[in-house]
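Read the structure below first, then the notes.
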Amino acid sequence: MVETLEQSLRRALASKPLLLMAHLVAGYPSFDDNLHMLEAMREGGVDLVEVQFPFSEPVADGPVFARANQTALERGTRVSACFDLMARARNILPGPLLMMGYCNTVFHMGEGRFLEKLAAVGAAGFILADLPPELGADLYGRAQALGMSGVLILTPNTTLERKREVARQARGLIYCAARKGVTGLKTDFGGSVEDFLRDVGAVSPLPRALGFGVRAPADVAFLRGKAEMAVVGTAALETYERGGARALADFYRRLQEGVLTGGREA
Amino acid sequence: MVETLEQSLRRALASKPLLLMAHLVAGYPSFDDNLHMLEAMREGGVDLVEVQFPFSEPVADGPVFARANQTALERGTRVSACFDLMARARNILPGPLLMMGYCNTVFHMGEGRFLEKLAAVGAAGFILADLPPELGADLYGRAQALGMSGVLILTPNTTLERKREVARQARGLIYCAARKGVTGLKTDFGGSVEDFLRDVGAVSPLPRALGFGVRAPADVAFLRGKAEMAVVGTAALETYERGGARALADFYRRLQEGVLTGGREA
Amino acid sequence: MNLFSSRSGRYGPYGGAYIPEVLHSCIAELTAAFYAAKDDPAFWAEYVTLMARYSCRPTPITPLDNISRHLGGARLLAKREDLNHTGSHKLNNVMGQGLLALRMGKKRVIAETGAGQHGVATATMAARFGLRCKIYMGEEDVQRQRPNVFWMERLGAEVEPVRLGSRTLKDAINECLRDWSHSMDDTHYVLGTVCGPHPFPEMVSYFQSIVGQEARTQLLELEGGLPQRVYACVGGGSNAMGIFQGFLDDPVELVGVEAGGKGLKSGRHASRIASGEGSVGVAGYRSYFLQDADGQMVDTHSVAAGLDYVGVSPILAYLADSGRVRFTAAEDGEVIEALKLTMRLEGLIPALESAHAFAAAYREARQLKSGERVLISMSGRGDKDIFTVAEALGDASWLEYLKRKAGG
Amino acid sequence: MNLFSSRSGRYGPYGGAYIPEVLHSCIAELTAAFYAAKDDPAFWAEYVTLMARYSCRPTPITPLDNISRHLGGARLLAKREDLNHTGSHKLNNVMGQGLLALRMGKKRVIAETGAGQHGVATATMAARFGLRCKIYMGEEDVQRQRPNVFWMERLGAEVEPVRLGSRTLKDAINECLRDWSHSMDDTHYVLGTVCGPHPFPEMVSYFQSIVGQEARTQLLELEGGLPQRVYACVGGGSNAMGIFQGFLDDPVELVGVEAGGKGLKSGRHASRIASGEGSVGVAGYRSYFLQDADGQMVDTHSVAAGLDYVGVSPILAYLADSGRVRFTAAEDGEVIEALKLTMRLEGLIPALESAHAFAAAYREARQLKSGERVLISMSGRGDKDIFTVAEALGDASWLEYLKRKAGG
Ligand SMILES: Cc1ncc(COP(=O)(O)O)c(C=O)c1O
Ligand SMILES: Cc1ncc(COP(=O)(O)O)c(C=O)c1O
């Protein structure tokens, strides 16, 4: 059996204080672009990637990703092609790959077929933004049986009781949303994010990936020692759209430096 | 004391089987035109004339006269000028003159002043299209005391009882509207008009003036022996508008011939 | 106070039926039919049932808590005629006259309309009762109230723009009388307000009295007491007569609010009584009118088409003279402000006509002690006024929308 | 049949709350507040009183005598939700949720709107309750329903056109969820129909049940018996759930009428159940949706903006599966014909949404014996649809009017 997501992450964390998690929307701007982005991620030292399967109702996404979802679909992106992209990504990137999306994609193809295909392309797990643990128990259980992790999300406004409940069912990592709201909005990194991460740490031993609003080396530097991973989404997509693969690789590289230098040179 | 309206009419009827009654709207198209029209009436042998004082709410008038009322007012026609016109008409035409209009003109200037001025310009009486006998008893009484006649109207849809009531209060002549509706619409001259005139004759000894829809020599010929007067309104105004004073005089002349020939030459 | 005991159609020196002789018989027939119905208790019961099942009578009384708090002073309440089917108190009168027309065996109805509300109500009644229907509407009002024209036509009515005179309400009334003078055999003329020749003022008052009857009962039941004042806008006066009749014998101040237009000194208003510029005249009935030195009716102005009328109910003229009803006016500008405030604070959209009553009540609310009640006649809803209101507010995106729709 | 006894938000395999984790706490708070209110008899009483005084509840039931005669067959009756303040059944839900929002101490409300009716109702409630208000409306619907946008703004709401997705109702719902995910502390999301995550389907059903409760009582009282059938249009399903709940335990056939658009075979409709083209999916809740082979929600079409929605109530999905509710569809063309007939013969102007229920009832009326009763949910009035209806009927003078207004 292959390494689980948690095992891969722990191995990586042994040699690096803060991992970098990247994001892309499959089929946006195009699958060719996705490949260029993946190359840039490898060059930029990204540790793991979530590949978002576009959905017509991306309620957890802010305007940038929501529009990316829509455009990808308008350009004909099919679910099968998203799996194909994951398979190719596997050959480009050394780190773990996560499918990210909405649960209707899974339910529509059937949970069994979904997990099968996901395993077949070598994914380490998945994040379904609209599938709470209590409604996904079956899916999450079956995934685990196949060695894949159903990643769950925690937000600062979750009660302690609920945090415990989610942590109990979480596998692989805990995705910590830095604030309320959807992706792509501004986040103030400060005491409250630190408190939130400490709370999550108190309820779960899993690596914590902090996302929503991570844009700059200083943000990453701030997270060092407080979380195990930084998730960079919207800012990376904007960078690619402005400057292409080269700019994107640079962008990740600067974030890596941020981890090491504390962001002082950004 | 001068002759009453009824006396004048009886005198004229002694030498003519059917009198011709004409109509004009004071100030329409202009007071100068009114004078030309009056000359034409004299030339055409008209026996008596009703001079309509324009009113802003001419509910008893059809489109042609209603618009004439409105235009006269838009051109600044004042009540005092209408009286002046009557005074001048007196010098043009030998026959009796009637003021025609709506009761607000009278009430607004005051009944006393109205009757005074009317007497001063030598009018024989007045027709107020919206003043039923029961609401005008006072005015009609005062007019009679001054030797003037308040002319009342009968229509074919009036009950016998009502005809009697109106006839009792009527003075000078009975204005018989040939049909329901307002001025200016088409009338079918035939048995029902004849019956109506006979009914009116049965309730009142006054001369009967038949109006509403009299347009052609044949109409006039039809009325000979059935009524004492024919009232020509809309058709005359249309004739003047098309051909001026000369055409109007011809028009009346042809109607007179209709009276004599039975309309066969029209 | 029984205004109608004499059945004479006279109210002090006002009222009467100044009509061409040709209309005498049909007015007589109508008068007889009306009194026969009025004397038949089953008729009122039938009317009340109809209004309960076809419209939503009794209409509620809504307390305007937010505005009362905002203004400080009286407790304001609105009688919600806007909730009637077709959106105004006009339906009350129309359905009543419809029942009467059926009793008389008429097959066709005609009506004038200013704001369009009475026309829509009549077209609705005609559809429901299977009568042919023609609506006369001043050409200027056709322009102001196009949506209403659209619905009247869809309801099966023919809408005839009236191009005579000032091309507003009074001219539409004249045109109805002209139509009626030859169509009376099969046609009933559904006059829309408490004006015109007898028996219309009494008859329309009778049907509209349902409003005041309900209001009095509701206030006693829900509020435990009478209002100190009642405000109603006055075009012809039907909503005012409707609500006032509930309180004529009570120690309640009744306030009629006329259209102050651009101001009572501007010459551009429709205030026959409050302005002091009206004088007694006759146009179908005797009452106050705005007239010139020769007794010609003058052009009036109001932001509310339904108040833009040169005459006023002979009954209200009488009640004004006798001091039973106080008259005041609200100007276009205040009316728009009152409308805005009512929308923002209460979620109610009064018709521009009704907003006159709101404006005057707001202006005077502070004269009363807190806890004292003010009842406002919300005679209609303002949806119909979108073109006028959007224009008055200078709404740019609305204009742009129209441009696109017109082009497409 | 108590659909809600479990309080689980599950209806057979349907329902649930498939939401981003960030919404978990506010949905939990709402659920607790809702059940607390539901368990408090004073709350329902407060709600009923509010609806009686601010709107005109109980709304009447109007017999459609002329149409019944015209069609031959059943006795048709309409439950008149069009007479509600703001013109549709949407107000029932909104005022109820407003009371709940006040109980929860919220200061702001947000809502999606398709036809605009729910938006106007929410803006109205917000004005009345002193809450800030933002309405999300698909850009396409902003175009179709501009008058409603105008009134929402005048009522003090901010209207935000949604440019994502198909720019219709579902996208407006998504945008509300996005807003709510960061505004939940002071904001209540007033969802407008019996869809969305639990507790919305149950909560909206609860408030709308006032319609069915009234209808059942009224029919027994006025007609002396139950209807054989009840027809209601189904967008999300709130008016249908409202009226159906009065008759769930009775031998009454319940018929949900979906938007057949250009035809069920045309691919341009919004029929999730009757077409057989819907399939089970999840978008906030589990139910039938119109989706493509990958589970992407597809574009829907209807002449009625309020029915132009890709999903359907999980409760109705359950009732359809179990055979308790029969589903059918009415196409745009039939709907316009039904609307015309209803205007001409009854003087009623149903909203285009409601006209779907009328169309299906008319089509099937002859299946019933004369004397058997058919109750139709007249969920709203059609005034708001003037632009759409005028366009559908190709009204030339309306277009010309717009041109002039736009130019002037
Ligand atoms: C809503 C509304 N209120 C008031 C009026 C004025 O009429 P009245 O004075 O007869 O109530 C109108 C006239 O159309 C109206 O539509
Ligand atoms: C009048 C009317 N009826 C029906 C609907 C459809 O909604 P629902 O199915 O929730 O009743 C709408 C939606 O806007 C509406 O405005």
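Chains as they are written, first to last, in numbering that gives the first Met the number 0: chain C, 0 to 265; chain E, 0 to 265; chain X, 0 to 407; chain A, 0 to 407.
Yeah, the Cβ is synthetic: ideal placement off N, Cα and C, and Gly gets one too.
### Integer Cβ distance of residue 171 of chain C from residue 148 of chain C, believed to fall under 8 Å
Translated into positions along the first sequence, residue 171 of chain C becomes position 172. Translated into positions along the first sequence, residue 148 of chain C becomes position 149. A Cβ-Cβ distance of about 3 Å is found for the pair residue 171 of chain C and residue 148 of chain C, placing them in contact under the 8 Å criterion.
### Message
So, for residue 85 of chain A: in the same chain, excluding its five sequence neighbours on each side, which residues have a beta-carbon less than 6 Å away from its beta-carbon?
### Response
Your numbering for residue 85 of chain A matches position 86 in the fourth sequence. The answer, listed in chain order, is 119, 120, 123.
### Message
Could you check whether the Cβ of residue 411 of chain A sits closer than 7 Å to any Cβ belonging to chain C?
### Response
With chain A covering only 0 through 407, there is no way to say anything about residue 411 of chain A.
### Task
For residue 0 of chain A, count neighbouring Cβ atoms within 10 angstroms of its own Cβ and tell me buried if that reaches 16, exposed if not.
Start at 1 with the first residue of the fourth sequence, and residue 0 of chain A comes out as number 1. By the neighbour-count rule (16 or more Cβ atoms within 10 Å), residue 0 of chain A is not buried but exposed.
### Query
Could you give the distance in angstroms between the alpha-carbon of residue 150 of chain C and the alpha-carbon of residue 29 of chain A?
In the first sequence, residue 150 of chain C corresponds to position 151, counting from 1. In the fourth sequence, residue 29 of chain A corresponds to position 30, counting from 1. The alpha-carbon atoms of residue 150 of chain C and residue 29 of chain A are separated by roughly 26 Å.
### Task
List the residues of chain A whose Cβ lies closer than 8 Å to the Cβ of residue 69 of chain X, in chain order.
The residue labelled residue 69 of chain X in the question sits at position 70 within the third sequence. Per Cβ cutoff of 8 Å: no residues; residue 69 of chain X is ~10 Å from chain A at best.
### Query
From residue 247 of chain C to residue 92 of chain C, what distance separates their C-alpha atoms?
Position 248 of the first sequence, counting from 1, holds the residue named residue 247 of chain C. Position 93 of the first sequence, counting from 1, holds the residue named residue 92 of chain C. C-alpha separation (whole angstroms): 15 Å.
### Task
For residue 313 of chain X, count neighbouring C-beta atoms within 10 Å of its own C-beta (all shown protein chains included) and say buried if the count is 16 or more, exposed if not.
Along the third sequence, read from residue 1 onward, the residue named residue 313 of chain X stands at position 314. In the assembly as shown, residue 313 of chain X is a buried residue. Its beta-carbon has 16 or more other beta-carbons within 10 Å.
### Task
Can you tell me which of the three DSSP states residue 192 of chain A falls into?
Residue 192 of chain A sits at position 193 when you count from the first residue of the fourth sequence. In this structure, residue 192 of chain A counts as coil in the three-state DSSP scheme.
#### Entry: Sub-7 Å separation of residue 109 of chain X and residue 17 of chain X beta-carbons
Along the third sequence, read from residue 1 onward, the residue named residue 109 of chain X stands at position 110. Along the third sequence, read from residue 1 onward, the residue named residue 17 of chain X stands at position 18. Contact: no.
#### Entry: For residue 122 of chain C, the nearest candidate out of C:70, C:135, C:128, C:90 (CA to CA)
What you label residue 122 of chain C is simply residue 123 of the first sequence in a count that begins at 1. When the alpha-carbon of residue 122 of chain C is set against those of C:70, C:135, C:128, C:90, the nearest one is in C:90.
### Message
Is there a Cβ of chain X sitting closer than 7 Å to that of residue 349 of chain A, yes or no?
### Response
As a first step, residue 349 of chain A is located in the fourth sequence; it is residue number 350 there, counting from the start. No, no contact with chain X.
#### Entry: For residue 98 of chain A, three-class secondary structure by DSSP
On the fourth sequence, position 99 is the one that residue 98 of chain A refers to. Residue state, collapsed to three classes: helix.
### Query
Taking the continuous alpha helix (DSSP H) assigned at residue 453 of chain X, which residues delimit it?
Nothing in the structure corresponds to residue 453 of chain X, since chain X is present only between 0 and 407.
### Query
Taking the alpha-carbon positions, what's the residue 155 of chain A to residue 66 of chain X distance?
As a working note, residue 155 of chain A is residue 156 in the fourth sequence. As a working note, residue 66 of chain X is residue 67 in the third sequence. So the two alpha carbons sit approximately 15 Å from each other.
### Query
Between which two residues does the beta strand (DSSP E) carrying residue 62 of chain A extend?
Start at 1 with the first residue of the fourth sequence, and residue 62 of chain A comes out as number 63. For residue 62 of chain A, the uninterrupted beta strand (DSSP E) segment begins and ends at 60-62.
### Query
For residue 53 of chain X and chain A, any beta-carbon pair shorter than 7 Å?
Taking the third sequence and counting its residues from 1, the one referred to as residue 53 of chain X is at position 54. Closer than 7 Å to some Cβ of chain A, the Cβ of residue 53 of chain X qualifies, so yes.
#### Entry: Cβ contact (3+ pairs, closer than 8 Å) linking the segment 345-355 of chain X and the segment 378-389 of chain X
As far as the Cβ criterion goes, the segment 345-355 of chain X touches the segment 378-389 of chain X, which means the pair count is three or higher.
### Query
If residue 200 of chain E sits next to residue 177 of chain E, beta carbons under 8 Å apart, how far is it from one beta carbon to the other, in whole angstroms?
What you label residue 200 of chain E is simply residue 201 of the second sequence in a count that begins at 1. What you label residue 177 of chain E is simply residue 178 of the second sequence in a count that begins at 1. Contact doesn't hold; Cβ gap of about 15 Å is too wide.
### Query
For the segment 112-129 of chain E, which residues have a beta carbon sitting closer than 8 Å to at least one beta carbon of chain X?
Cβ contacts with chain X come from 128, 129.
### Query
Is it the case that the CB of residue 227 of chain A approaches a heavy atom of ligand 2 more closely than 6 Å?
Residue numbering aside, residue 227 of chain A sits at position 228 when the fourth sequence is read from its first letter. No, ligand 2 has no heavy atom inside 6 Å of this Cβ.
### Query
Cβ of residue 346 of chain A less than 7 Å from any chain X Cβ?
What you label residue 346 of chain A is simply residue 347 of the fourth sequence in a count that begins at 1. Residue contact with chain X for residue 346 of chain A: present (Cβ-Cβ distance below 7 Å to some residue of chain X).
### Query
residue 301 of chain A by DSSP, collapsed to three states: which one?
Against the fourth sequence, residue 301 of chain A aligns to sequence position 302. It is coil, neither helix nor strand.
#### Entry: Which of helix, strand or coil DSSP assigns to residue 77 of chain E
For this step, residue 77 of chain E is matched to residue 78 along the second sequence. Correct three-state label for residue 77 of chain E: coil.
### Task
Give the residues of chain X in contact with residue 206 of chain A, contact being defined as C-beta atoms less than 9 Å apart.
Against the fourth sequence, residue 206 of chain A aligns to sequence position 207. Here the premise fails: no neighbours, minimum Cβ distance about 17 Å.
### For residue 146 of chain A, the three-state DSSP class (helix, strand or coil)
Mapped onto the fourth sequence, residue 146 of chain A falls at position 147. Helix, per DSSP.
### Buried versus exposed call for residue 55 of chain E [16 or more other C-beta atoms within 10 Å across all chains shown]
Sequence index remark: in the second sequence, residue 55 of chain E carries index 56 (1-based). By the neighbour-count criterion, in which a residue is buried when 16 or more other Cβ atoms sit within 10 angstroms of its Cβ, residue 55 of chain E is buried.
### Query
Span of the alpha helix (DSSP H) holding residue 36 of chain C?
Here residue 36 of chain C refers to the residue found at position 37 when the first sequence is read from its first residue. Boundaries of the alpha helix (DSSP H) harbouring residue 36 of chain C: 30-42, taken from the DSSP string.
### Message
Residues in the same chain with beta-carbon distance under 7 Å from residue 208 of chain X, minus the five sequence neighbours each way, listed in chain order, please.
### Response
To locate residue 208 of chain X, count along the third sequence from 1; it is residue 209. These residues qualify, in order along the chain: 241, 244.
### Query
Can you name the residues that DSSP bridges to residue 13 of chain X?
Within the third sequence, residue 13 of chain X is the residue found at index 14, counting from 1. Beta-bridge pairing links residue 13 of chain X to X:10.
### Closest by C-alpha distance to residue 85 of chain E, when choosing among E:33, E:42, E:44, E:164
Within the second sequence, the letter at position 86 stands for residue 85 of chain E. The candidate whose alpha carbon is nearest that of residue 85 of chain E is E:33.
### Query
Where are the beta strand (DSSP E) runs, 3 residues long or more, that stay fully inside the segment 181-266 of chain X, in chain order?
Correct list: 186-188, 228-232, 252-260.
### Task
Give the residues from the segment 151-179 of chain A that approach chain C closer than 7 Å (Cβ to any Cβ), ordered along the chain.
The segment 151-179 of chain A vs chain C, Cβ under 7 Å: 163, 164, 169, 173, 176, 177.
#### Entry: Buried or exposed (CB count within 10 angstroms, at least 16 for buried), residue 19 of chain C
Start at 1 with the first residue of the first sequence, and residue 19 of chain C comes out as number 20. Flag for residue 19 of chain C reads buried.
### Task
Assuming residue 228 of chain A and residue 201 of chain A form a contact by the criterion Cβ under 8 Å, report the distance between their Cβ atoms to the nearest whole angstrom.
Translated into positions along the fourth sequence, residue 228 of chain A becomes position 229. Translated into positions along the fourth sequence, residue 201 of chain A becomes position 202. Wrong, their Cβ atoms sit about 25 Å apart, outside the cutoff.
### Query
beta strand (DSSP E) containing residue 22 of chain E: first to last residue?
Along the second sequence, one-based indexing puts residue 22 of chain E at 23. Counting along the chain, the beta strand (DSSP E) containing residue 22 of chain E begins and ends at 18-24.
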